[in-house]
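Undergrad:
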Amino acid sequence: MTAPGRRSSTFTRLLRHGFTDPSAAERLLDGPELTAVRNDPVLLDALGATADPDLALVGLVRLLEAQPGVTARRELLDTLIAAKPLRDRLLGVLGASAALADHLARHPQDWQALVMYEPQDLHPGVEEFERGLAEAVDPVSLRVAYRRCLLSIAARDVCGTTDVAETAAELADLATATLRAALAIARAAAPEDAALCRLAVIAMGKCGGHELNYVSDVDVIFVGEAVDGADEGKALRSATKLASHMMRVCSETTVEGSIWPVDANLRPEGRNGPLVRTLSSHLAYYQRWAKTWEFQALLKARPVAGDPELGEEYVAALEPLVWKAAERDNFVADVQKMRRRVVENIPVAELDRQLKLGPGGLRDVEFAVQLLQLVHGRDDGSLRSGTTLDALQALAGGGYVGRADAAQLDEAYRFLRSMEHRIQLFRLRRTHLVPEDEADLRRIGRSLGLRADPVADLNREWRRHAAVVRRLHEKLFYRPLLDAVAQLAPGEARLSPEAARERLVALGYGDPAAALRHLEALASGVTRKAAIQRTLLPVLLGWFADSADPDAGLLNFRKVSDALGKTPWYLRLLRDEGAAAENLARVLSAGRLAPDLLMRAPEAVALLGADEGLAPRGRAALEQEVLAAVSRADSAEQAVTAARGVRRRELFRTAAADIVGSYGTETQPAEADQGALVDRVGGAVSDLTAATIAGTLRAVVRDTWGDTLPTRFAVIGMGRFGGHELGYGSDADVLFVHEPRPGVPEQSASEAANKVVAEMRRLLQIPSADPPLLVDADLRPEGKSGPLVRTLNSYEAYYRRWSLVWESQALLRAEPVAGDEDLGRRFIELVDPLRYPAEGLGDDAVREIRRLKARMESERLPRGADPKLHTKLGPGGLSDVEWTVQLMQLRHGWVEPGLRTTRTREALAAARAAGLISGEDAEILDEAWVLATRVRNAVMLVRGRAGDTFPSGGRELAAVGRYLGYADGHVGDMLDAYRRTARRARAVVEVLFYGA
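Letter by letter, the sequence shown follows residues 761 to 1756 of my numbering.
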């Protein structure tokens, strides 16, 4: 008896052997089933070597209890102690799988399936498994025989007799034998149906690829044909009955549970298509209707049951189509989009525990390998394997993947698959989630040989391998392109020029020869710069390929690198700042404007890595910087050159932020609020324009008059400028107002003011490396015929006597932007009664506005333009929305303070709040205005010049689509969406503006 307070020596030994509940284990060892061997060190050592000694001991006791008598129990114990192979196999299974322990408790003689240890038992194939299932005549007996075979596979697996790839192959072979047995049961139940048809079962997915899990849906496709002389319709109905029965035999739950679901949803048309088709029907579907992912799925197609000749005919007929899939438009984009969709559909709570589908999971490896197979398997038959690891080895052998990368990926894939196997083996349930319970993690870790600290070591190894997969799965595709143009170590294979060209074309590069030259220029050599570029480029190439113009992205990157390559911070920024490299790739491949701005001052690339580098700076900060730069300059020209340089850099900041926000990044999704993107661009460009004009005004005054101009002078923003809605290519609509200082003759003041205006406009438009700023004063009284500058009194006299209704409408956008603040405020006080007339507009004025709008629509629309796609003047475009909002401001601004704003969206929201427009109509107009503005911004970003309609060129149109959130190949959807949005807006305008 153990003394009180002291633990028995057995208790201590059990702890040392890995038991977590030694007290319970001690009671079991003291029980009648194990009395004869309880002190045998062989048993304790064997239990301690299992994944879960407590689980193994409980399973062993249950198995002994289930034996039919004392003799059978004695035989089991004697064999267990005497035969190490059985001991390791049986206890290994019991310590890893509660489900198989349950099976042994129900079928206590099945332990004898683990006694045999002949060489032919080490790696059984389909024939051996068919013999193991031969006596099964119904679903119940098939399940029992299946579990018996599974027991032997699991035993070899947990003992290390087979590696993870061999285990997966055995599981696929057992599935093949099971499908054949299930089909035989179905045929025996309906011999008249079997006589009418030929039926072939094609394995897909992991079963087809010879890499099945312990518990997985078995994906299949059925092909049927009539036997000679039989009616095809009747034959297909018979084949469908047989296929359905076969699926039920495997899937239905019986007293012995189920085997696994048989899933035929990869067939043409999925669940909506017929379960069985003829070969010609399959072929017609794949030739006409199949999507890219369906050809990807066919990589693993393999005949496994039924009519072998028909199965082989199916594979032979479809194989040529599989290897042409890479020639399809948007092939790589489609495959990558499918991968992203899989990740997006994972519940957030499961994302970090997803072993199969999450980032760095098994699916990343499989997708990357399949993508490369489809691109290069057209010309290289050695790559046409359905098994992931075999295909990866073939890719490395052919130089399509770097050997080191392939070796790391192989190791990671094997580890992740081993984890997946051990997780599923425990309860024989289909799951790909890493458990959270510490006992489960401990069992999995120990089963993988991690004995020192199983939980911590398992988590560390899992995260390490997942990180390797995350890092390599896309690089796998791009790294060999660099190796194709670089010096390689002896014995290292490389892509042939033709293979490199194929891969670049598949990625969407239009000029693969030029792309290879750029890669060679960037990555060749032994300098530190070339070494860093070789690290960066595989990832950058992927981001470029995700754009509408990969060629431009790579060319622009080469230009920036040539300009900045010798500055030590540039490559360090891209290498070390996580977001900088991706942001740069997006910016360089999204169109012409942002790269052109960057090329004129490449050092602005630093903005892409700073924490707040892409945030708008605000008018006060911009004006302070511009005025400081002006004060340091020696002349007005130098000062304005400096101001325009600030403007160029800030335009780049704004464009880059807009592009990154619209495209999204790997860590930050695209901005969902399109209106917020539009407001940010409009506000930032308007603030920047105001600061530039303020600096130019200061420079011109200082150059001629010193600190004080003979007349007070103010610049009033009009149109989009006054409304804080400028786009990248917008002119600055303004009015100039002045007021002579005391004692200065009006003539002298007027001459000074006119000289200031003329010089400002000249300096802002001088040809230089910086984009010009066009200042447009055509909204002034009398238009182009009137003086450029007026005194405040002159404005007052004109507006009192001659003002037309269109001028009141234009003044709705008036806001001081530069110059004398008091004078600007008094100008606004002067025009407020005009733009918000007391009692609103009269009927005549309303009719005049409508007449002007109708004339503008008919006369100003460019010849040949499609009105439905014209973002400014077309139906439902900017003009429609703005004139409708402005009519409400003119009518009701005098009583609704919220309408007294220069901003379209603010005024629309105020009209909605005041009940002047319904919530639904307000949303329709706002959506149309935001979309039209986004299209105009996109056109400027893509083409580098302003435009009011969609580009006609395919690549430019696709780039606009990417900016607006449409994937490659969906520009038609984009145009349809624009027409639909504009059409709905026009219907609202007809009622609210025209009174229809």
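Positions of the beta carbon are idealized from the N, C-alpha and C atoms, including for glycine.
Note that the structure is predicted; figures quoted are calculated from it, not measured.
1. Helix, strand or coil, according to DSSP, for Leu1583 in the structure here?
2. Could you tell me which whole alpha helix (DSSP H) segments of length 4 or greater appear in the region 1109-1183?
3. Quick one: complete alpha helix (DSSP H) runs, 4+ long, within the region 1642-1680?
4. Give, in chain order, every unbroken run of the alpha helix (DSSP H) that is at least 4 residues long and sits entirely within the region 1547-1620.
5. Give the single residue among Leu1411, Arg1392, Ser1018 whose Cα lies nearest to the Cα of Met1359.
6. By alpha-carbon positions, which one of Asp1356, His1225, Ser1712 ends up nearest to Gly1121?
7. Can you check which of these residues, Arg1744, Val1751, Gly1714, is closest to Asp1089 by C-alpha distance?
8. Only counting the same chain, and skipping five residues up and downstream in sequence, which positions put a Cβ closer than 6 Å to that of Arg1404?
9. Would you decide whether Ile1526 is buried or exposed? Buried here means 16 or more other CB atoms lie within 10 Å of its CB.
10. Per DSSP, what kind of secondary structure is Ala999 in: helix, strand or coil?
11. Grouping DSSP H, G and I as helix and E and B as strand, with all else coil, what is Arg1230?
12. Taking the continuous alpha helix (DSSP H) assigned at Ala1436, which residues delimit it?
13. Put Phe779 into one of helix, strand or coil per three-state DSSP.
14. Run through DSSP, which three-state label would Cys1010 get?
15. Taking all protein chains shown into account, decide if Gly727 is buried (16 or more other Cβ within 10 angstroms of its Cβ) or exposed.
16. Helix, strand or coil, according to DSSP, for Glu1485 in the structure here?
17. Just to confirm before moving on: does the CB-CB distance between Asp1592 and Val1749 stay below 8 Å?
18. For Ala1454, tell me which candidate among Ala1345, Ile1684, Glu1383, Glu1221 has the shortest Cα-Cα distance.
19. By DSSP, does Thr1693 sit in helix, in strand, or in coil?
20. Taking the DSSP output, what are the residues bridged to Val978?
21. So, is Arg1743 buried or exposed, given that buried needs 16 or more other C-beta atoms within 10 angstroms?
22. Just to check my reading of the structure: Gly1205 and Asp1197 have Cβ atoms closer than 8 Å, yes? What is that Cβ distance to the nearest angstrom?
23. For Leu1152 and Leu1169, which I take to be in contact (beta-carbon distance under 8 Å), what is that distance rounded to the nearest angstrom?
24. Which class does Ala858 belong to by DSSP, given the choice of helix, strand or coil?
25. Please name the residue in Ala842, Ser1391, Gly791, Gln869 whose C-alpha comes closest to that of Ala826.
26. Hey, is the region 1414-1426 in contact with the region 1347-1364, meaning 3+ C-beta pairs nearer than 8 Å?
27. For Leu939, which residues in the same chain have their Cβ closer than 8 Å to its Cβ, ignoring the five residues on either side in sequence?
28. In or out: Leu1534 buried (at least 16 other Cβ within 10 Å) or exposed?
29. What residue range does the beta strand (DSSP E) around Asp1336 cover?
30. Tell me the rounded alpha-carbon separation between Ala949 and Leu996.
31. Less than 8 Å separating the beta-carbons of Thr1709 and His1630?
32. Take Pro1214 and list the residues in its own chain whose beta-carbon comes closer than 6 Å to its own, dropping the five residues that flank it on each side.
33. To the nearest whole angstrom, what separates the beta carbons of Ala1785 and Leu823, a pair I think is in contact under 8 Å?
34. Gln1130: which of Asp1094, Ala896, Ala1747, Thr936 sits nearest, CA to CA?
35. Relative to the C-alpha of Gly1483, which candidate in Glu1666, Arg1705, His867, Ser769 has its C-alpha closest?
36. Output needed for Tyr1596: all residues of its chain with C-beta closer than 8 Å, excluding positions within five of it in sequence on either side, in chain order.
TA: Let's see:
1. Here residue 1583 refers to the residue found at position 823 when the sequence shown is read from its first residue. The answer is helix: DSSP assigns Leu1583 an H, G or I state.
2. Within the region 1109-1183, the complete alpha helix (DSSP H) segments at least 4 residues long are 1122-1136, 1148-1157, listed from N- to C-terminus.
3. If you keep only unbroken alpha helix (DSSP H) runs of at least 4 residues inside the region 1642-1680, you get 1664-1673.
4. For the region 1547-1620, the continuous alpha helix (DSSP H) assignments of 4+ residues that do not extend past its boundaries occur at 1552-1561, 1565-1571, 1581-1595, 1603-1619, in sequence order.
5. Within the sequence shown, residue 1359 is the residue found at index 599, counting from 1. Ranking Leu1411, Arg1392, Ser1018 by Cα distance to Met1359 puts Leu1411 first.
6. Against the sequence shown, residue 1121 aligns to sequence position 361. Closest in C-alpha terms to Gly1121, from the list Asp1356, His1225, Ser1712, comes His1225.
7. Against the sequence shown, residue 1089 aligns to sequence position 329. Nearest of Arg1744, Val1751, Gly1714 to Asp1089, Cα basis: Gly1714.
8. Residue 1404 sits at position 644 when you count from the first residue of the sequence shown. Around Arg1404: Asp1530.
9. Translated into the one-based positions of the sequence shown, residue 1526 becomes position 766. Answer is exposed; the Cβ neighbour count stays below 16.
10. For the purposes of this step, residue 999 is taken as the residue at position 239 of the sequence shown. Residue state, collapsed to three classes: helix.
11. In the sequence shown, residue 1230 corresponds to position 470, counting from 1. Residue state, collapsed to three classes: helix.
12. Counting from one through the sequence shown, the residue named residue 1436 turns up at place 676. Where Ala1436 is concerned, the enclosing alpha helix (DSSP H) stretches over 1434-1465.
13. Residue mapping note: residue 779 aligns to position 19 of the sequence shown, counting from 1. Reduced to three states, the DSSP call for Phe779 is coil.
14. Position 250 of the sequence shown holds residue 1010. The DSSP-derived three-state label of Cys1010 is helix.
15. With the chain covering only 761 through 1756, there is no way to say anything about residue 727.
16. As a working note, residue 1485 is residue 725 in the sequence shown. In this structure, DSSP gives Glu1485 a state outside helix and strand, which the three-state scheme calls coil.
17. Indexing the sequence shown from 1 puts residue 1592 at position 832. Indexing the sequence shown from 1 puts residue 1749 at position 989. No Cβ-Cβ contact shorter than 8 Å links Asp1592 with Val1749.
18. Here residue 1454 is taken as the residue at index 694 of the sequence shown, counted from 1. Of the residues Ala1345, Ile1684, Glu1383, Glu1221, the one whose Cα lies closest to the Cα of Ala1454 is Glu1383.
19. Within the sequence shown, numbered from 1, the residue matching residue 1693 stands at position 933. If DSSP states are grouped into helix, strand and coil, Thr1693 belongs with the helices.
20. In the sequence shown, counting from the first residue as 1, residue 978 sits at position 218. Answer is Val1022, bridged to Val978.
21. Counting from one through the sequence shown, the residue named residue 1743 turns up at place 983. Looking at its Cβ environment, which holds fewer than 16 other Cβ atoms inside 10 Å, Arg1743 is exposed.
22. As a first step, residue 1205 must be located in the sequence shown, where it is residue number 445. As a first step, residue 1197 must be located in the sequence shown, where it is residue number 437. With 8 Å as the limit, Gly1205 and Asp1197 do not qualify as a contact, their Cβ atoms being about 12 Å apart.
23. Counted from its first residue, the sequence shown places residue 1152 at position 392. Counted from its first residue, the sequence shown places residue 1169 at position 409. Leu1152 to Leu1169, Cβ: 6 Å. Contact.
24. Taking the sequence shown and counting its residues from 1, the one referred to as residue 858 is at position 98. Ala858 falls in the helix class under three-state DSSP.
25. Mapped onto the sequence shown, residue 826 falls at position 66. Here the closest residue by C-alpha is Gln869.
26. Touching, yes.
27. One-based indexing of the sequence shown puts residue 939 at position 179. Result list for Leu939: Val961, Ala963, Val978, Val980, Met1006, Cys1010, Val1022, Val1064, Ala1065, in chain order.
28. As a working note, residue 1534 is residue 774 in the sequence shown. Here Leu1534 is exposed. Its C-beta has fewer than 16 other C-beta atoms within 10 Å.
29. In the sequence shown, the residue the question calls residue 1336 occupies position 576. From DSSP, Asp1336 is part of no beta strand (DSSP E) but of the alpha helix (DSSP H) over 1328-1336.
30. Looking up residue 949 in the sequence shown gives position 189. Looking up residue 996 in the sequence shown gives position 236. Taking the straight line joining both Cα atoms gives about 17 Å.
31. As a first step, residue 1709 is located in the sequence shown; it is residue number 949 there, counting from the start. As a first step, residue 1630 is located in the sequence shown; it is residue number 870 there, counting from the start. The Cβ-Cβ distance between Thr1709 and His1630 falls below 8 Å.
32. Here the question's residue 1214 lines up with position 454 in the sequence shown. Counting only Cβ-Cβ distances below 6 Å, and skipping sequence neighbours, we find Arg1202, Gly1205, Arg1206.
33. Limits of the chain in this structure are 761 at one end and 1756 at the other, which puts residue 1785 out of reach.
34. Start at 1 with the first residue of the sequence shown, and residue 1130 comes out as number 370. That would be Asp1094, whose Cα lies nearest to the Cα of Gln1130.
35. Numbered from its first residue, the sequence shown carries residue 1483 at position 723. When Glu1666, Arg1705, His867, Ser769 are compared, the shortest CA-CA separation from Gly1483 is found for Glu1666.
36. To locate residue 1596, count along the sequence shown from 1; it is residue 836. Only Gln1649, Leu1650, Gly1653, Trp1654, Leu1659, Arg1660 meet the Cβ criterion.
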